[in-house]
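Here the structure is laid out as structure tokens; the discussion comes afterwards.
Numbering (my numbering), first residue to last: -18 to 539.
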């Protein structure tokens, strides 16, 4: 008998939480509905919505099992655990080594009362007392990743035993990517090899090297799965495919471009559902939340979210839409692609093959009596003009623009040909954002002065870091070297509400610097300043902030 990942029935979890007064019945009912909608566990929803504390929940369940709780967030496991328990036992029974002395050994699992567990562990620890403790399922899942065969070895094994098993190689790459929560997969042809790199938490990491002869077959296979031309090797192609593996599944967006050494593939891994994230979950401060909520409560107008590709713009907009999504509100979107699927919202996919562009789709949407319209991206003058007119005629329009910061977005729209008086009368709020990696709580240290090379990396940082008594956080060197100092990402924001003063400025076709000066007078908090607060709180580090955002020259803000 093997242990099963679904460690406790939801009914038992509910009774435990209610008996201990950890959560209310209405909160559980709401979480149950969301868990069904998003195909997630009840516990993951409760934790994500901050309705239960992970540590307290773990202690409560451990008490139910009449054992102790091991919190791997506070006491992380290291890779050497694989030396203590054989792979087949660890994975089959979901057990993790914790500690050992002359008398006994402590083992953690998410199912302490699983029948047959004692006998399975006695195979390894024949003459010792075995103490079984409880750990959260997600923690067990993460630690069991240490037992995974490295991707390079898995692919080497496939090539040695069946060189023609190209689907097996692709499955190995995709499964590894989804296990590691990768956002992008890059296949990059070089002079004598093909490099595979994953983007994890915003940073690229090389994970595999392939022979060009093998890669040619991989390209053709991905093209077939994405309905692209396999006989065209000199044109850029875009497509989409669905991956359904044994462990994971995902929708993927495919982009192929010709390079000097062959066709490069970039695959964007798309989430099946956007989680019901509150604005606070995104890293948005209470001041910024208030600005966004005020703008979104207006019956019409234009709200823009700006930033480069991969800066979290879509997540912010979808979180806002989940707030606006009510039975009495008609929300329609047009996107390329539809990255997140949300119930009760009309979502339209751009299809260039059938002539369904942003502009044409938007014209039709306006005739569908929408209250809220989301445009995936404003790319050209035609789309921009229709969006502004829709905002002018009684619709709340949400969209994105590729711009470096909030102030740059306004001149960008004016350059697209939007009349200044129309933009001034419809634009309500511009949101700029970037994503920074989050520090792991037990892998950080306080610093009282900026890092040594901060002034070299950011010439104007001294104007922002004025007090020597303010503490910041940095990654612990050892933890950073081992790759466990950061986990996940959060956003840093800046927002420009369109005040009367900025409306008057827009009429005069201002530069980005003019907008920034006026916004600072009105009290704008820049992305760098927002990030500094997060570095002081230990959410991120000062060095990570400087990697993503640079402070603006102080003179330009006066």
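Every residue gets a Cβ at the ideal spot worked out from N, C-alpha and C, and that includes glycine.
- Taking every protein chain shown into account, the CB of residue 488 has fewer than 16 other CB atoms within 10 angstroms, so this residue is exposed.
- Residue 315 is bridged by DSSP to 329, 356.
- Contiguous alpha helix (DSSP H) elements confined to the region 224 to 283 occur at 267 to 277, taking only those with 4 or more residues.
- The DSSP-derived three-state label of residue 517 is helix.
- DSSP places residue 342 outside any beta strand (DSSP E); the residue lies instead in the alpha helix (DSSP H), whose first and last residues are 339 to 347.
- In the structure shown, the three-state DSSP call for residue 106 is coil.
- In this structure, the CA atom of residue 340 is about 15 Å from the CA atom of residue 349.
- Shown here, residue 484 sits in a helix according to DSSP, grouped into three states.
- Excluding five sequence positions before and after residue 329, the CB atoms of its chain that fall closer than 6 Å to its own CB belong to 315, 342, given in chain order.
- Counted as a single uninterrupted DSSP element, the beta strand (DSSP E) harbouring residue 413 occupies residues 408 to 420.
- The beta carbon of residue 384 sits closer than 8 Å to the beta carbons of 287, 288, 390, 393, 413 from its chain, once the five residues preceding and following it are set aside; these are given in chain order.
- Residue 170 places its beta carbon less than 9 Å from that of residue 242.
- For residue 387, the enclosing alpha helix (DSSP H) stretches over residues 387 to 396.
- Judged by their CB atoms, residue 452 and residue 479 are not nearer to each other than the 9 Å cut-off.
- Around the beta-carbon of residue 335, fewer than 16 other beta-carbon atoms lie within 10 Å, marking it exposed.
- Excluding five sequence positions before and after residue 174, the CB atoms of its chain that fall closer than 8 Å to its own CB belong to 190, 191, 192, 193, given in chain order.
- For residue 300, the enclosing alpha helix (DSSP H) covers residues 294 to 305.
- Less than 9 Å divides the Cβ of residue 473 from the Cβ of residue 415.
- The C-beta separation of residue 250 from residue 231 comes to about 5 Å, placing the pair in contact by the 8 Å criterion.
- Taken atom to atom, the span from the alpha-carbon of residue 446 to that of residue 273 is near 28 Å.
- When DSSP reads this structure, residue 165 sits in a beta bridge with 180, 249.
- Annotation for residue 369: 283, 399, 403, 404, 407 place their beta carbon closer than 7 Å to its own, counting only its chain and skipping 5 residues before and after.
- Buried is the label assigned to residue 292, since at least 16 other Cβ atoms lie within 10 Å of its Cβ.
- Considering only 524, 459, 23, 466, the residue with the shortest C-alpha distance to residue 118 is 23.
- Residue range 85 to 90 is occupied by the beta strand (DSSP E) that includes residue 85.
- Leaving aside the five residues that flank residue 68 on each side, the residues in its chain whose CB is nearer than 7 Å to its CB run, in chain order, 128.
- About 6 Å separates the Cβ atoms of residue -3 and residue 41, confirming a contact at the 8 Å cut-off.
- The beta carbons of residue -5 and residue 9 sit closer together than 9 Å.
- CA-CA distance, residue 401 to residue 382, rounds to 17 Å.
- In this structure, DSSP gives residue 221 an extended state, which the three-state scheme calls strand.
- Counting along the chain, the unbroken alpha helix (DSSP H) around residue 155 starts and ends at 147 to 160.
- By the Cβ neighbour-count rule, residue 518 is exposed, with fewer than 16 other Cβ atoms within 10 Å of its own.
- Just measuring C-alpha positions, the residue of 225, 364, 238, 188 sitting nearest residue 211 is 238.
- Sixteen is the threshold: since fewer than 16 other Cβ atoms of the shown chains lie within 10 Å of the Cβ of residue 464, the residue is exposed.
- If you ignore the 5 residues before and after residue 358, its C-beta comes within less than 6 Å of the C-beta of 381, all in its own chain and listed in chain order.
- Per the DSSP secondary-structure output, residue 505 pairs with nothing in a beta bridge.
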